[in-house]
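Undergrad:
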Amino acid sequence: MLDCLSIIQRYYTPGNDDYRVLVHHSRQVADLAVALSQRMIERHEPIDIEFVEEAAMLHDIGMCRTDAPGIHCHGTEPYILHGILGRKMLDSMGLYRHGRVCERHTGAGITAAEIIAQQLPIAPPRDLLPESLEEKIICYADKFFSKSRLEEPPKTLERARQSLAKFGGDTLERFDALVALFGDPAGL
13 MLDCLSIIQR
23 YYTPGNDDYR
33 VLVHHSRQVA
43 DLAVALSQRM
53 IERHEPIDIE
63 FVEEAAMLHD
73 IGMCRTDAPG
83 IHCHGTEPYI
93 LHGILGRKML
103 DSMGLYRHGR
113 VCERHTGAGI
123 TAAEIIAQQL
133 PIAPPRDLLP
143 ESLEEKIICY
153 ADKFFSKSRL
163 EEPPKTLERA
173 RQSLAKFGGD
183 TLERFDALVA
193 LFGDPAGL
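Residue numbers for the sequence shown follow our numbering, so the first one is 13 and each next one is one higher.
#1: Cβ of residue 67 within 7 Å of Cβ of residue 110?
#2: By how many angstroms is the C-alpha of residue 169 removed from the C-alpha of residue 196?
#3: Would you identify the three-state DSSP class for residue 180, choosing helix, strand or coil?
#4: Taking DSSP's pairing of strands, which residues face residue 122 in a bridge?
#5: Look at residue 152 and residue 76 and say whether their C-beta atoms are less than 7 Å apart.
#6: Which one or two residues does DSSP pair with residue 86 in a beta bridge?
#7: At the level of alpha carbons, what is the spacing between residue 145 and residue 20?
#8: Express the C-alpha separation of residue 53 and residue 32 in angstroms, rounding to a whole number.
#9: Going by beta-carbon coordinates alone, are residue 114 and residue 30 separated by less than 7 Å?
#10: Does the contact criterion of 3 or more C-beta pairs under 8 Å hold for the segment 173–187 versus the segment 96–110?
#11: Just the C-alpha distance for residue 156 and residue 172, rounded to the nearest angstrom, thanks.
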C-alpha cells in the first residue's frame, strides 16, 4: 500500500488549511469508494480495492497549483485543471494509473466536445472520461462530498445530481449511468 500522506506532504504542509481540506475530503471519498468497491466485489466484479483507496486519497493532489481561495489554494492555474495538474504530479513519480484517476474524475468526466463548447482551458481538447471500474468508482464517490463545506454530511443522490445539473444534460446522463452501475451510496 502506498503511503499516500507522504506523497501529499511533498506538496502540502501538514497543519495548513489546504492540507486539512485535501486530506479530509480525500479520506471521505476514499471511504465511500472502498464501500462502493466492496459492494461491487459482492456482485463478483473484479475491483482492485487497494488501488481504489490509494487513488481516491490522491485524486485531488493537483488542487494546490490552482487559484481556488475558497479551499485555501493560491496557485496560478484555473481550478478546472486540478486533475490534469495532479496527473502530471503523479506521473512524475511513476504513478501513472493513479494519475489517470486525477485527470478523469472532474464532473462525471469531460468530453473533448464539452471542452471546445465551453471553451475550457484544456489543451489539447480530449475526452477525459473515467473508463475502468476503479476510475468510475472514485469519480462517483467524489460527487458526494464538498471541499468547501467539509463538515456537511454527504450529499444525497438528488443533491449530487443537482450539483452536476449546471454542466448540462450529457454530464447528468454520465452521472445517471454511474448511479445505475453503483447504486445509491446512502446507508453504506
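Virtual Cβ for every residue (Gly too), placed ideally from N, Cα, C.
Note that the coordinates shown come from a computational prediction; the quantities given were computed from them, not determined experimentally.
TA: Taking the definition as stated:
#1: On the sequence shown, position 55 is the one that residue 67 refers to. On the sequence shown, position 98 is the one that residue 110 refers to. Yes; because the gap between Cβ atoms is below 7 Å, this pair is in contact.
#2: Locating residue 196 in the sequence shown gives position 184, counting from the first residue. Locating residue 169 in the sequence shown gives position 157, counting from the first residue. Each residue's Cα considered, the two are about 7 Å apart.
#3: As a first step, residue 180 must be located in the sequence shown, where it is residue number 168. In this structure, residue 180 counts as coil in the three-state DSSP scheme.
#4: In the sequence shown, the residue the question calls residue 122 occupies position 110. Its beta-bridge partners are 140.
#5: As a working note, residue 152 is residue 140 in the sequence shown. As a working note, residue 76 is residue 64 in the sequence shown. Judged by beta-carbon spacing, residue 76 lies beyond the 7 Å limit of residue 152, meaning their Cβ atoms are not closer than that value.
#6: The residue labelled residue 86 in the question sits at position 74 within the sequence shown. DSSP links residue 86 through a beta bridge to 79.
#7: Position 133 of the sequence shown, counted from the first residue, corresponds to residue 145. Position 8 of the sequence shown, counted from the first residue, corresponds to residue 20. Approximately 24 Å between the Cα atoms of the pair.
#8: As a first step, residue 32 is located in the sequence shown; it is residue number 20 there, counting from the start. As a first step, residue 53 is located in the sequence shown; it is residue number 41 there, counting from the start. The straight-line gap from Cα to Cα measures roughly 31 Å.
#9: Numbered from its first residue, the sequence shown carries residue 114 at position 102. Numbered from its first residue, the sequence shown carries residue 30 at position 18. Cβ distance not < 7 Å, so residue 114 and residue 30 don't count as in contact.
#10: Three or more Cβ pairs closer than 8 Å define a contact, and the segment 173–187 falls short of that threshold against the segment 96–110.
#11: What you label residue 156 is simply residue 144 of the sequence shown in a count that begins at 1. What you label residue 172 is simply residue 160 of the sequence shown in a count that begins at 1. Roughly 6 Å separates the two Cα atoms.
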